[in-house]
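Chains as they are written, first to last, in my numbering: chain L, 1 to 335; chain X, 1001 to 1323; chain P, 2001 to 2504.
Since the structure comes first, as C-alpha cells, the remarks are kept for the end.
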Amino acid sequence: MAGKSGRTISATPNRSFLKTVLSWEGALVVIFIAVLVAGRIMSPSFTLDGVMFMMPQHLCQLFIVFPMAFVLIMGEIDISVGSIACLSATTACLAANAGLPLPLVIIICLATGVACGALNGFVLTKWPELPPMIVTLGTQIIFRGIAEVVIGAGSSLKYDSDNLSPFATYLGPVPIVFIVVIVVAALFMVLLSRTTFGRRLYAIGSNRIAAKYAGIGVNRMRFIVYALAGLMAALCALFLLTQIPAVKSDEFGKGFEMNVIAMCVFGGIATTGGKGNLFGAFIAGMTIVCLRIALGLVNVNDNVITIIIGVLLIVSVLISGISQILARRKLKNKT
Amino acid sequence: MKGFLKKITGNHEVSLAIILIVLFIVVDILSGFTFHGINNIGEIFKNNSLTLIMSLGMLCVLLTGGIDISITGVLAFSGMSVGMLMKYNVIKNVPLLFAIAIGIGALCGLLNGFIIAKGKVSPIICTLGAMYIWRGLATVVFNGEWASGENVAAMSEFGNTAGPYIILAAAFVIYFVVMKWTPFGRKVYAIGSNREAARISGINVDRVEIAVYTLMGVLAGLAGALSVSLYGSAQPTMQDGKEMDVIAACVIGGVSMSGGRGTVVGTLLGGIFYAVVYKALPLVGLESIWQNLIKGVIILAVVIINVVSQRLSRRQALARREI
Amino acid sequence: MSEELILELKGITKIFPGVKALNNVCFQLRKGEVHALMGENGAGKSTFIKVITGVFPPEEGQIFLEGKEVKFKGTRDSLAVGIAAVYQHPTTYPDLSVTENIFMGHQIKKGPVMDWKSMHKKAAELLGRLNADFDPHAEMGTLSVAQQQMVEIAKALSTNARIIILDEPTASLTANESKELYRIVKQLRDEGVSLIFISHRMEDMYELADRVTVFRDATYIGTYDVNGITTADLVKAMVGREIKDMYPKPKVEIGDEVLRIDGLCRMGYYKDVSMFARAGEIVGLTGLVGARRTEVMESVCGITKPSAGKVYLNGEELKVKCPKDAMDAGIVLLPEDRHKEGLILTWGLGMNVTLPVQDELAKGRIFNDNKRERELSRDLLESVDTKAVSIFDPASSLSGGNQQKVVVAKSLAQNGTKVIILDEPTKGVDVGAKAEIYAIIGELALKGYAIIMISSEMPEILGMCDRIYVMCNGRVTGCLDIAEADQEKILNLAMLEKGKEAVS
C-alpha cells in the first residue's frame, strides 16, 4: 500500500547486539558481576549459600522497586510507600494478635496497603494540579501518624503469632522471599514491556497531554498505579514481619521510599518520566542487596554502604548526563 | 468592602496570617490568657528555629523549581564536625565554630549546585545521593561518636542566650531584603517563572542555581551549629527526616513546587503554623501523640484548599466572561 | 530612511547537532527602516535572530554595527549596544509584575537595592507611550497575549534599543490587535528605530516593510524592495518552485448527515453552538484567534465537558465522557499543537500511529501485538506518503509537514471512523507540504468521512471547504455555502460581536 510517490518505509526493528551490551542495563550487569566477584574475593563466606542465607532481610524493599518504577515512568513520585508499609504492618499485627486466621491477616494487611495507595490516587486524580511529591509527603506523615496513635510513641507492637514462619523458610538453599520477588519481578516486567498497560504508562510519562488526546484514561491509570504501589508496600511489610515480628512507628519501613527511588534511578529510570525499564531497576536492586551483604560480611559499617550507594547514585546519573552532552558535541563536530 | 474581602481571600499570605491570628487568639482565650506571653512565643520560635532557618534556603531552591532533600544530612555532618572539634578540645571559640559549620555547609551546597547546574542532574536525585553521603559521613568520619553535655558546654551556653533569636531574626530580615529588593533575589524568581526567558534575557542561570544551592548549604550548616547549641548535643542521626518538615513549611506558606511563586513572609508563617496548632491540640483534648497525624492532615488540607479556591476563582472569572 | 547601514551580517554559518541551521547568509539593515524577513518554517529565520542577539554565537561570519565589527557572547552584549528582540512566544515571567518583566536584567537601583518606585513610574511612562491601558503592577500571567507583547516591546524600549527585532509578532493576534501593533511599529520607525520584522503574513509585510529579505533552506536568497516584487515571485523565492493547484479538491457526492451539534455550551468558553456535517463533506470552521473554535471541538471529542447541549451521531444522541468514548463512536480529532497534543516526540513513528488502537490490536486486549502494529503503522504511513526511512525513527526527527502526516496516519488507524476533525492542519507546515496535506484531506472526503476543518487561513478555507461556519467570541455567527462565501463576508462574520450589526 505504498503512497503516490512509491516511497516505502521499513518496519524491521534494528536490533544490534553491541547496542544491547553497551546500554546502561549491560553496564549494570557488569557492575553486578563485579560486586559478586569482589564479594567472593573479600570474604570466604560470600558463597551462594551464604548470600541466600543473608538475603531475606535485605530483599523486602525490592517489592516496592517495581511499582515505584511505574510511578517514576509516569513522571511522578510516591514518597509515602515506607509509611504505607508501616501502617499495613500495624494492621497485620492487630489482626494477628486478635487471633484471626492467617489468610484473613494477609488480606487485612494488603487491603490496608491498597486503601492507603488508593487514597493517594484519589487525591491526585481528584485534584490533578497538585504535585505528587507534596500529596505523598502529606500522606507519608498521616499514615505513620496513624500507626503512631495506634501503637503509641516509642513503643513497639509485637506480632504475637508464629503463623508467618512458613514464609521465612527456605526451599533448598533459596529463601521463599527470593522466589516471590522473582515471580513478582517477572509479572511486573511482562506488565510493563509486553502489555497495553505498560505502553500506556510510557505514553503518560513521555507526553501526558498527547496520551489524553490519544484516548488514554490518564487519571484512571494514575489511580491504579498508586494503588498498586500501596499493595506492594503492604506485601513488603508482610515479608518484613517474617524477619522482624514487631512494629515501631518511627522505625518500620523508614526511609524505604528513598532507598527504592535510589534503586530505580540507579537502574536507569529517569525521574522525568518515560524512560527506563524494570530489568535495569531489578539488577540495580540486586546489586545493592549483594553489596550490602558483601560489605556486611567483612564488617564494614552500614553507613559506609550508605555513602557508597549515594556516590553510585550521583555518579550513575552524572554519567548519563555527561554522555548525552558528549554525544551532542560529537554530532555537532560531524557536520 | 468587596475589594477588601477579595484581597484577603485572594492572597495566600494574608489568609494564612488571618488564620494564624484567629487561632492564636482562640488558643489564648481557651488557655486563660497564658498563651500570649513573651516566653511562650519565644519558645515557639526557638523550638522551630532549625526548620525556620532552613526554610529560607529551601524557599530559594523551590523558587528555581528545584528541591534539596540533603539538608539534614548536611546539618548532621556540620553539627557533628562542630561537636567533635569541641569534644577533642581543638576549638572552643563559638563564633569560629559557627563559621566552620557554615563553611562546611557551603561546600556541601556548592557541590550539589555544581552537579545540578553543570551536570544537568535532576535536583531530587542529586540531593538524595548527597543525603546518603553526608548522613553516612557524619557517622563514619567520627567513628559513630557522640558529643553532648560537658563536651559542648560553650555552645549550649550560647544556645541559652538571645543569640539564636538574633540569628533567626537577622536571617529573615536579610532574606526579606535580598529576595525583594536585590537583582539576585529577582533573578531567582525569574528563573523559576520562566527559565528559558531568563537565559535569553542574559541571566546566568547556572551561576544563580549554584548560588541558590550553596546558600541552602550555608543555612543547613548554620542550622547544624545552632542545633548543637540548642539541644546541647551532636549525634550522627540528628534531625533525621526533618527535611520534609522544611519543605512542608514552605508549601504551607504558599511556595509553589514548580517554581516562581512564594515569599519570605509566607515561609515564616508556614514555619510557625504547626507550632501554633500543636499548642492548640491539648486545649481541644488531643494528646501530643496526635501531632504527626495532624501535621500530615494540615499539609494536605492547605494544598487542597489552595487548589479548590483557585478553581473557584477561575470558575467565577469564566462565569463573568461575556459571550 | 537613509542608505546608511546600521547593521550588517556577512557569511554567517551556524551549526546545530546534525544540521546546518544557517549557511553563509548575509543581511543588511538600513537606519530607520522596517525590514521584513521571510521564509518557510525551518528556513533559519529564528536562528538568525538568535545569532544577531547573541543567544547563539555563529561558527563563522562577522557582524558589523555601524561599520564596526562586533562580537556578541550573549544577549547582555547585544542589549548593551542597543539590539533588543521580541520573540515569537512572549518570553515573559508569568508570576512577576509587568514592571518587573520590563526591567528584568537591567533594573534601576538605588545603591545596592532596587528602586521599585522609579521602575513603576518609568514602566507606566513606557506603556503610556505605546497607548497601553493596563497597570504596571499587574501580574503578567493575567494579561492577554497582545498585552504581553506590548510589555515585551516596552521592555525593548526600556533598554533604549536602536534595533528592535519582532519575531512573528502578529501570529497570535486578532485583526484589531494587529492594527494596533502596526501603529506601534510605524511610530517606532518614525522615532528613528530600525526594525526587523519576521512574519508569515503577506499583509504584515505589505503594510509595514520597506524591504524584504528571503531565506530558504538555511541560505540567503535575496533582498527585494517591497514595492518591486509580486506576491507570486515572493512565494517562488520562499518555496523555490511554483505551486500549481494548491487546493486539489475532488468532486465528492455529499451523503447523509453524520454529526449534529445542538446548542452546545461551555461556561465561559462558548454558547449555543449548533452545526452539522455530512458524509464526504468538508466543513470549515473559521474565525479569529480566540473565537474558541478548538474549545468546541475538544468538547465534542470528550477532552473537556460541555455544560449544556447535545451531540448526535447518525441521528443518535452521543454521550461522551472521555476521549476514548468519542473515538469508539467514530469521532477522531487531529489536535492543533502536534508537539504537545498530537505526538510523543521521543517515540518512533510506528508506536505513535498505533497508540490509540493498541488495545484493539493487542492479543486478548492485553498483550501488545508488535508485529501487527508495525505492519499497520507502516501501511498507514506509506498511504499518506510520509517521508521517513523507518517506522522506528523518532517523531522529533521529522519536519512539520511530515509530522502532520504521522498525525493523519494515527487518526486513520482505527476502524469505524465517521468524523475527522482537523484543527489547523497546516499550521507550521511548509508551503510545499501544505499542498500534500490538502491532497490527503481531499482523499479522505472522497472516502466518505465527514470532515471538519478548523482553520484561520482564509485561502485554505475557501479552497477546500464545502460549507463554512464562522465563529466569533464563542458563538457561531454564520454559516456560508462555498458558492456564496468570500473573504469579506467571512471577515464580517468573524468580527460580528453579539448584539452588534454586521458592518457591510
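Backbone N, C-alpha and C define an ideal beta-carbon position, used for all residues, glycine too.
In chain order, 144, 147, 252, 253 place their CB closer than 6 Å to the CB of residue 86 (chain L), counting only its own chain and leaving out the 5 sequence neighbours on each side. Within the region 207-219 of chain L, 207, 209, 210, 212, 213, 214, 215, 217 place their CB atoms closer than 7 Å to a CB of chain P, listed in sequence order. Around the beta carbon of residue 329 (chain L), fewer than 16 other beta carbons sit within 10 angstroms, so the residue counts as exposed.
Contact with chain P is found for residue 14 (chain L), since one of that chain's Cβ atoms lies less than 8 Å from the residue's Cβ. In terms of CA proximity to residue 1190 (chain X), X:1209 leads the group X:1175, X:1142, X:1209. In its chain, beyond the 5 residues on either side, 1229, 1232 have a beta carbon closer than 7 Å to the beta carbon of residue 1156 (chain X). For the region 2105-2175 of chain P, the continuous alpha helix (DSSP H) assignments of 4+ residues that do not extend past its boundaries occur at 2116-2129, 2145-2158, in sequence order. Scanning its chain for C-beta atoms nearer than 6 Å, with the 5 sequence neighbours on each side dropped, one finds around residue 2050 (chain P) the residues 2056, in chain order. For residue 1197 (chain X), the closest Cβ of chain P is nearer than 8 Å.
Take the alpha-carbon of residue 82 (chain L) and the one of residue 1130 (chain X): they are about 20 Å apart. Contact annotation for residue 2367 (chain P) against chain L: 190, 194, 195, 196 [CB-CB distance below 9 Å, chain order]. The contact set of residue 301 (chain L) on chain X, defined by CB atoms closer than 8 Å, consists of 1139, 1140, 1144 in chain order. Contacts with chain L at 8 Å (Cβ-Cβ) do not include residue 1242 (chain X). In the three-state reduction of the DSSP assignment, residue 58 (chain L) falls in the helix class, which pools H, G and I. For residue 1279 (chain X), there are no C-beta contacts with chain L under 7 Å, since the nearest C-beta of that chain is about 18 Å from it.
Residue 1263 (chain X) carries a coil assignment under DSSP once its states are collapsed to helix, strand and coil. When the beta-carbon positions are compared, residue 1028 (chain X) and residue 1213 (chain X) stay at least 8 Å from each other. For residue 1295 (chain X), at least one C-beta of chain L is nearer than 8 Å to its own C-beta. Judged by DSSP in its simplified three-state form, residue 1160 (chain X) adopts coil rather than helix or strand. Under the 8 Å Cβ criterion, the region 2468-2480 of chain P counts as touching the region 2284-2294 of chain P, having at least three qualifying pairs.
In the DSSP secondary-structure assignment, residue 247 (chain L) is bridged to L:157. Chain-ordered listing is empty here: chain L has no CB closer than 8 Å to the CB of residue 1260 (chain X), the nearest sitting near 14 Å.
Judged by beta-carbon spacing, residue 1295 (chain X) lies beyond the 8 Å limit of residue 307 (chain L), meaning their Cβ atoms are not closer than that value.
Residues of chain X whose Cβ lies closer than 9 Å to the Cβ of residue 2263 (chain P) do not exist; the shortest such Cβ separation is about 13 Å. Within the region 2374-2414 of chain P, the runs of alpha helix (DSSP H) at least 4 residues long that lie entirely inside it are, in chain order, 2400-2412.
Within 7 Å of the CB of residue 274 (chain L), the CB atoms of chain P belong to 2346, in sequence order along the chain. Contact of residue 1125 (chain X) with chain L by beta-carbon distance below 7 Å involves 265, 271, 313, 317. Among the residues of chain L, those whose CB is under 8 Å from the CB of residue 2342 (chain P) are 210, 213, following chain order. For the region 2193-2275 of chain P, the continuous beta strand (DSSP E) assignments of 3+ residues that do not extend past its boundaries occur at 2194-2198, 2211-2216, 2219-2225, 2257-2266, in sequence order. In the structure shown, residue 2495 (chain P) adopts coil according to DSSP, grouped into three states. Cβ neighbours of residue 36 (chain L) within its own chain (closer than 7 Å, five residues either side excluded): 290. The continuous stretches of beta strand (DSSP E) do not include residue 1118 (chain X), which lies in the alpha helix (DSSP H) extending over residues 1094-1118. Residue environment for residue 2320 (chain P): buried (at least 16 other C-beta atoms within 10 angstroms of its C-beta). Only those residues of the region 2105-2117 of chain P whose C-beta falls short of 7 Å from the nearest C-beta of chain X are listed: 2105, 2107, 2112, 2113, 2114. When secondary structure is reduced to three states using DSSP, residue 2028 (chain P) falls in the strand class.
From the beta-carbon of residue 1267 (chain X), no residue of chain P is found nearer than 7 Å; the closest lies around 16 Å away.
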